[in-house]
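In our numbering, the protein residues as written are 18 to 518. C-beta: ideal position from N, C-alpha, C; glycine also. These numbers come from a predicted model, not from an experiment. Input: a single structure, listed below in structure tokens.
Below is the structure:
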């Protein structure tokens, strides 16, 4: 839906690239549920994310990637008795390094519930670094905006927490290290890159600076290493049956941090803003001001203004140009914002779709397994759910005598449908369903959004995903009329078995 050629660029960039920060800015509409599954609040369905059990696991685990998913998995497995080596290519975020962590995330009920499987202490330590918000505004012009989410839509749930990834990871690292102090079961290697992995033996090669070292064989290697995952590449190299579709989404983006929200914007709300030409901005409040994702398309004629991709040297020119593109936030675009813009390399979002999430001793979580490019705003939440599901399966199944390989197959069977469903929900109906159903989906989504404001039908899709625990696959199957039939579980099982065999 978002990538359809000819749509106004700001709209489809909103859908495809803009929302890396964790809350979908567009589309915010969804068709009313066509099945019997209602909007479920936490506790309304029997799929609890339980607290860690007391069973002890004698496993050696290598976790590649110290983002939210990797840190949550490490904490869960250490609590279960595993020996964990956590490897991260970036610097320790507590040292002020923002590389790859400059943007803000939105932690809805799924992420909150996953974090709380470690107890309330961690969640309470995270909250002061975030900004609670239940408001989301889509701006049509400088003077007109639509409320896509309001406090009434939250039905009494705790609001989403908007937090910089650097602050979230710092709090999780503090919790991880404080709980394991003196236990001798945790090793963390920052600024260390995985260079190679044998998925059958769990033997990996690590590069730290100019030094290459072979690590002892691990019982389990968890790839939490993002959209360009080395673990995923190792699985693909080891087995031709493993299939991955990685698609770059159109447009580029950079992240700006403001010391305060722009004065023309509601300081308590997330804002999706069209700019002039082919640009768009996504601005959200944080505990330390505001975070803005600035999007544009290269190669588009934006005269008399320069294309944002051309602003690579002069901070003053960047400041003036950004202010011209985005009058709604011009007061926040100061000299420092211009300098931030020229200092950054532009990023481009991608989607990832795999036919299995494991091979041998290796397993994939989060963006390494199923990236939506930020479109749905559920990247962090779905990654943390992966960590919880994997940790609980290992504790229950391996703790009961099942092999790691068998347990990883169970993880794939449970989570692959969720990843495929989330990607469908993020991008909307494909061209294969035909223009009529795509048009009907758009119309039904718009009507559903309006009706939900008077208590009829489901809320907008982003609100639904953020405020309930209903599986993504179930939400997707409710929309089979518009999207086409979602594969049955047996079809997913057969697909996964072809990779494992």
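Check whether the Cβ of residue 166 sits closer than 7 Å to any heavy atom of the ligand SAH, and report yes or no. Here there are no bound small molecules, and the ligand SAH is not part of this structure.
Using CA atoms only, rank isn't needed, just tell me which of 275, 225 and 244 is closest to residue 261. 244
Taking only the alpha-carbon atoms, compute the straight-line gap between residue 342 and residue 290 and give it to the nearest angstrom. 11 Å
With three or more C-beta pairs closer than 8 Å as the rule, is the segment 192-204 touching the segment 496-516? no
Sequence-distant residues of the same chain with beta carbon closer than 6 Å to residue 224, five excluded per side: 210 and 212
What is the rounded straight-line gap between the Cα of residue 519 and the Cα of residue 228? Residue 519 is absent from the model: the chain starts at 18 and stops at 518.
Check the DSSP bridge columns for residue 269 and list the partner residues they point to. 313
Tell me whether residue 378 sits in a helix, a strand or coil according to DSSP, three-state version. coil
Take the Cβ of residue 65 as the centre, count every other Cβ of all protein chains shown within 10 Å, and call the residue buried at 16 or more, exposed below. Bear in mind that the predicted position of residue 65 carries a pLDDT of just 43, short of 50, making it too unreliable to give a figure here.
Could you check whether residue 97 and residue 73 sit closer than 8 Å to each other, using their CB atoms as the reference points? yes
Grab the span of the alpha helix (DSSP H) containing residue 402 for me, first residue to last. 396-414
Leaving aside the five residues before and after residue 220 along the sequence, list all residues of the same chain whose C-beta is less than 6 Å from its C-beta, in chain order. 234
Taking only three categories from DSSP, how would you classify residue 359? helix
Cβ of residue 400 within 8 Å of Cβ of residue 382? yes
DSSP state of residue 526, grouped into three classes? This structure cannot speak to residue 526, because the chain is shown only from 18 to 518.
Starting from residue 186, trace the beta strand (DSSP E) both ways and give me its first and last residue. It is not in any beta strand (DSSP E) - residue 186 instead sits in the alpha helix (DSSP H) that spans 182-197.
For residue 151 versus residue 133, is the C-beta distance shorter than 8 Å? no
Residue 176 to residue 481 span [Cα, whole Å]: 13 Å
Measuring only between beta-carbons, confirm whether residue 305 sits less than 8 Å from chain D. In summary, chain D is missing from the structure at hand, where a single protein chain is found.
What first and last residue would you give for the beta strand (DSSP E) that runs through residue 291? 286-291
Neighbourhood of residue 443 by C-beta distance below 6 Å, restricted to the same chain and skipping five residues each side: 389, 392 and 393
Sequence-distant residues of the same chain with beta carbon closer than 6 Å to residue 143, five excluded per side: 188
Exposed or buried, residue 302, counting other C-beta atoms within 10 Å across all chains shown (16 or more means buried)? buried
Taking the alpha carbon of residue 498 as the point to measure from, which residue in 374, 511, 451 and 510 has its own alpha carbon closest? 451
Between residue 339 and the rest of its own chain, which residues show a CB-CB distance below 6 Å, the 5 nearest in sequence each way excluded? 350
For residue 66, three-class secondary structure by DSSP: Reliability of the predicted coordinates at residue 66 is poor, the pLDDT of 46 falling under 50, and no value is obtained from them.
Among 304, 327, 305 and 309, which residue has its Cα nearest to the Cα of residue 315? 327
Per DSSP, what kind of secondary structure is residue 207 in: helix, strand or coil? coil
Do you know offhand how far residue 138's Cα is from residue 203's? 20 Å
Give the straight-line distance between the Cα atoms of residue 194 and residue 457, rounded to the nearest whole angstrom. 52 Å
Let me confirm a value: residue 113 is counted as buried when at least 16 other C-beta atoms fall within 10 Å, else exposed. Which label applies? exposed
Between the beta-carbon of residue 367 and the beta-carbon of residue 479, is there less than 8 Å? no
With H, G and I counted as helix, E and B as strand and the rest as coil, what does DSSP make of residue 496? coil
Just to confirm before moving on: does the CB-CB distance between residue 258 and residue 516 stay below 8 Å? yes
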